[in-house]
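Residue numbers (this note's numbering): 169 to 288. Here a beta-carbon is modelled for each residue, glycine too, at the ideal position from N, C-alpha and C. Here is the structure we will look at, set down as structure tokens.
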């Protein structure tokens, strides 16, 4: 893209990050995320949602939580899908108090509770 003189946008980076994340290529996604930040782009809510979900889906819980905390600290409200991944991860390893804490947070500060989430 840069080789042909086309400048990327945050939407371009999010699209590429989404593709890498969806394919489970989180190492490549993190490399692209680093490049994005080095080029002066500031992550937005979609960027964080993509990365949190991607790391959660491949079982990289620590990185998913770290990014979630960074997301909230920078003022973004996670989407239902982000909460779903994190709550599911906590429930799968028996950390029900953390799962409930996130569910309560989602109900008070985040998006509406969905039927999909209540099945965990």
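Closest to residue i by C-alpha separation, out of the options, would be which residue?
i: residue 209; options: 233, 216 and 177; result: 177
i: residue 272; options: 189, 230, 234 and 255; result: 255
i: residue 175; options: 189, 207, 188 and 200; result: 207
i: residue 192; options: 237, 270 and 218; result: 218
i: residue 334; options: 224, 226 and 185; result: Residue 334 lies beyond the stretch modelled for the chain, which goes from 169 to 288, so this question has no answer here.
Cβ atoms of residue j and residue i: under 8 Å apart, would you say?
i: residue 232; j: residue 240; result: no
i: residue 228; j: residue 194; result: yes
i: residue 244; j: residue 213; result: yes
i: residue 222; j: residue 189; result: yes
Is DSSP giving residue i helix, strand or coil here?
i: residue 261; result: coil
i: residue 226; result: coil
i: residue 188; result: helix
i: residue 250; result: helix
i: residue 287; result: With a pLDDT of 47 at residue 287, under the threshold of 50, the modelled position of this residue cannot be trusted; read the value that follows with caution. Residue state, collapsed to three classes: coil.
i: residue 212; result: coil
i: residue 202; result: helix
i: residue 207; result: coil
i: residue 245; result: coil
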